[in-house]
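Before any comments, here is the structure.
In the numbering used here, the protein residues as written are 38 to 98.
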């Protein structure tokens, strides 16, 4: 299905993402996706136990 993808396809996808989200919001979007992937990987590996705070659940008083 994805065997015929070329560099032009990737360029078009990047252009559409930039148009949809804007260049200023892309770093925040990428950071959020990265954090979500890390949390998902940690959960899959069994690294999170009930009662432990997630990385975003901290008290910044």
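C-beta: ideal position from N, C-alpha, C; glycine also.
| query | Going straight from the alpha carbon of residue 77 to that of residue 70, what length do you get? | reply | 10 Å
| task | Using beta-carbon positions only, say whether residue 58 and residue 48 come within less than 8 Å of one another. | result | no
| said: Along the chain, where does the alpha helix (DSSP H) containing residue 68 start, and where does it finish? | reply: 63-82
| request: Just the C-alpha distance for residue 46 and residue 64, rounded to the nearest angstrom, thanks. | output: 22 Å
| If you draw a straight line from the alpha carbon of residue 60 to that of residue 68, how long is it in whole angstroms? | 14 Å
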